[in-house]
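What follows is a single structure, written as structure tokens, with notes after it.
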Amino acid sequence: MKYLYLLRHSKSSWKNYDGNDHERDISRKGIEKTKNVAQKFLLKNEVIELCLYSSSKRTKKTLKIFNKIIQINKKREKKGLYHCSGAYIFNLIKKQNTKKSILIIGHEPSFSEFLDIIINSNVKINLSVLGEKIYTSSLIKIAIDVSTWANMNRKSNTLIYHICPDKYVGEMKKKSNQS
8 MKYLYLLRHS KSSWKNYDGN DHERDISRKG IEKTKNVAQK FLLKNEVIEL CLYSSSKRTK
68 KTLKIFNKII QINKKREKKG LYHCSGAYIF NLIKKQNTKK SILIIGHEPS FSEFLDIIIN
128 SNVKINLSVL GEKIYTSSLI KIAIDVSTWA NMNRKSNTLI YHICPDKYVG EMKKKSNQS
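If you want it as structure tokens, here you go:
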């Protein structure tokens with residue numbers, strides 16, 4: 008069994024925005040919400056072996072905040088995670104065979120597109136649980152029933168939980184089945 012965590016970057020700031028989306032900073036509210044999610048995750052006593060994160064300023068700062076609480080030892084910046092497709096995330100993960108648990112810090116709509124790929128189309132994601140999109144600072148855990156990431160597909164993947172900054176949604180246990 009492999010475990011994948013998706014963490015959307017902290018809420019961005021529009022203060023001093025100069026049109027360069029890649030270099031947008033995070034807001035004070037975003038900092039607090041990310042700390043809140045990290046504290047909730049810490050209570051679960053789960054280990055993240057590898058973090059892959061986008062090259063944007065807001066994902067780097069989100070990682071810094073999260074890492075102060077969680078202590079992730081192995082981190083790698085992936086420029087391709089900025090404005091990527093769900094297929095890019097899928098293929099990136101399939102190349103990570105040495106780790107049991109991976110955290111990806113990235114963006115919307117990339118994460119929603121990735122969930123559409125990884126979760127069998129017969130299983131509808133409950134939008135009342137996830138919302139219409141993955142909100143800033145939200146963390147999702149997915150169990151991938153494979154021995155190596157290279158074998159990841161749309162079958163037997165389970166959404167385990169979704170931690171929102173303002174509330175904890177809880178155990179989801181939505182399992183993807185074969186078509």
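All residue numbers for the sequence shown refer to the numbering used here, where the first residue is 8 and numbers rise by one.
Think of the CB as a built atom: it goes at the ideal place given N, C-alpha and C, for glycine as much as any other residue.
Residue i to residue j span [Cα, whole Å]
i, j, result
"Lys-148", "Tyr-95", "19 Å"
"Asn-74", "Leu-49", "11 Å"
"Lys-101", "Cys-58", "14 Å"
"Ile-167", "Leu-13", "12 Å"
"Asn-129", "Thr-165", "Because the pLDDT at Asn-129 is just 46, under 50, the model does not fix this residue reliably, and the value given afterwards should be weighed accordingly. If I take the Cα positions, the gap works out to 13 Å."
"Thr-155", "Asn-98", "13 Å"
"Lys-131", "Ile-124", "At Lys-131, the pLDDT of 45 sits below 50, so the modelled position is not reliable; the number obtained from the coordinates is stated separately. The straight-line gap from Cα to Cα measures roughly 12 Å."
"Ile-109", "Ile-38", "22 Å"
"Asn-23", "Lys-67", "18 Å"
"Met-159", "Lys-40", "31 Å"
Extent of the continuous beta strand (DSSP E) run through residue i
i, result
"Thr-143", "No beta strand (DSSP E) contains Thr-143, which DSSP labels as neither H nor E."
"Tyr-89", "From DSSP, Tyr-89 is part of no beta strand (DSSP E); its letter is neither H nor E."
"Arg-15", "9 to 15"
"Leu-59", "57 to 60"
Within 8 Å, strictly: CB atoms of residue i and residue j
i, j, result
"Thr-105", "Lys-18", "no"
"Ile-79", "Lys-42", "no"
"Asp-28", "Ser-20", "no"
"Val-153", "Lys-9", "yes"
Bounding residues of the alpha helix (DSSP H) (the contiguous stretch that carries residue i)
i, result
"Tyr-108", "It should be pointed out that residue 108 corresponds to Ser in this sequence rather than to Tyr. Premise fails: Ser-108 lies in the beta strand (DSSP E), 108 to 113, not in any alpha helix (DSSP H)."
"Ile-170", "No alpha helix (DSSP H) holds Ile-170; the beta strand (DSSP E) holding it covers 164 to 170."
"Leu-122", "117 to 125"
"Gln-46", "35 to 49"
"Lys-75", "64 to 77"
> Contact between the stretch 108 to 120 and the stretch 77 to 97: three or more CB pairs below 8 Å?
Replying inline: Yes, the stretch 108 to 120 is in contact with the stretch 77 to 97.
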